[in-house]
Amino acid sequence: MQRRNFLKNSALAATGVAVGAATVGTASAANASVLTNPGSPILTPAGSLARPMVKKSLMWGMVKEDLSVMDKFKLLKDLGYDGVELDSPDKLDMEEVLAARDKTGLLIPGTVNSMHWKLPLSDPDPKKREECAKSIEKALWDTKEYGGSTVLVVPGVVNATVTYGEAYERSQAEIRKLLPIAEKTGVKIAIENVWNQFLLSPLEAAKYVDDFKHPMVGWYFDVGNVLRYSWPASWIEALNKRILKLHLKEFSFKKQNDLGLWKGFDVEFMEGDNNWPEVNKALQKIGYSGWASAEVAGGDRKRLLTIREKMDEVFKA
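FYI, in mature numbering (1 follows the signal peptide of the UniProt record, and there is no 0) the residues of the sequence shown are -29 to -1, 1 to 288.
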């Protein structure tokens, strides 16, 4: 499908959402589209907007039980998770993963590219950038097979050898090369805000996405990552419909100040400085209703159950 058709379909979909939000009878159709259009509003039978976070997921690496792929999927399903995010490329057997998904009903909403830190799209070496781009291409195809809708990508890293402008230009050039693959797979490239000294402002993040002028690029918003230097609600307001999915972390200013920067993450959900009611309010305002994945310290089944229970509190805040 050509890019102009994607743009046309995206515009029609947006129109449909606006009409559906005002029509009670479209609730079922809107709800059915949450997996393929995770930024679309879900309607309740009464026609009002549903909760912003409605599907619970977590990262595959958080599962520390020594189990087979099948048994890990069963464990997560039994603990009340709706899905799990995998890394790609990885060493998992595709057929084994698909069998576990189909047997348990635990979904795979998307993947996280596993090479974007080791080989950033902003690297001065064009061969390294190319290698990273190829890994993202594989992740797009893997995610299609898994039935997911996004590949999370860290777009670049600014450091002593890479300027801000170089990271911007290089990463966008490489992502543009991947847009035809995103079109073919139907899987979107979701840029995440991380501590990479790059795209530090929500307005700049929105512009970065808009520069592509393409519906297959959006944002994977990490709520906890921004609290170090901004407020989540401001990012949500600025990114708006560009938000495809959510990563959830907590963050504590006290632990950051007392124990060191990274220790700010060492706090349970609802016990840090994220104002989750305000986050939910901001998400509902932009019409988000879909996946939220925990990206915190994992562990055994007891720890994973605690995380799921804490996520319930975040979802209801």
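Quick reminder that beta carbons are idealized off the backbone N, C-alpha and C, glycines included.
Item	Value
Beta strand (DSSP E) segment containing V267, residue limits	Unbroken run through V267: none, as it is neither H nor E.
Inter-stretch contact (C-beta, 8 Å, three-pair minimum) for the region 146 to 165 and the region 120 to 130	yes
Close Cβ partners of L47 (< 6 Å) along its chain, the five nearest in sequence each way excluded	V55, L77
Cut-off 6 Å between Cβ atoms - residues of its own chain near G51, not counting five sequence neighbours on either side	R279
Length of the line joining the Cα atoms of G269 and V34	6 Å
Endpoints, beta strand (DSSP E) assigned at I160	159 to 163
Supposed close pair V180, K220 - CB separation, criterion 8 Å	That belief does not hold up - the Cβ atoms of V180 and K220 are roughly 22 Å apart, past 8 Å.
Exposure of M65, with buried meaning 16 or more beta-carbon neighbours within 10 Å	exposed
C-alpha gap between T75 and T156, whole angstroms	24 Å
Three-state secondary structure (DSSP) of E276	The question names Glu, yet the displayed sequence has Leu at residue 276. In the structure shown, L276 sits in a helix (DSSP, three-state: H, G or I).
Supposed contact pair P203 and N245 - C-beta distance, whole angstroms, cut 8 Å	7 Å
Assigned secondary structure, V285 (DSSP; H/G/I helix, E/B strand, else coil)	helix
Whole-number beta carbon distance between M241 and K287, since they are thought to touch under 8 Å	With a Cβ gap of about 10 Å, K287 and M241 do not count as contacting.
Within the region 202 to 266, ranges of the alpha helix (DSSP H) (whole runs, at least 4 residues)	203 to 210, 224 to 230, 247 to 257
C-beta atoms of A153 and N164 nearer than 8 Å	no
Counterpart residues of E56 in DSSP-defined beta bridges	M30
C-beta contact flag for F222 and L210 at 8 Å	no
Residue from W190, F224, L170 with nearest C-alpha to I160	W190
8 Å Cβ cutoff met for D58 and W31	yes
N84 and S120 closer than 8 Å at C-beta	no
Burial state of F44 (16 or more Cβ within 10 Å)	buried
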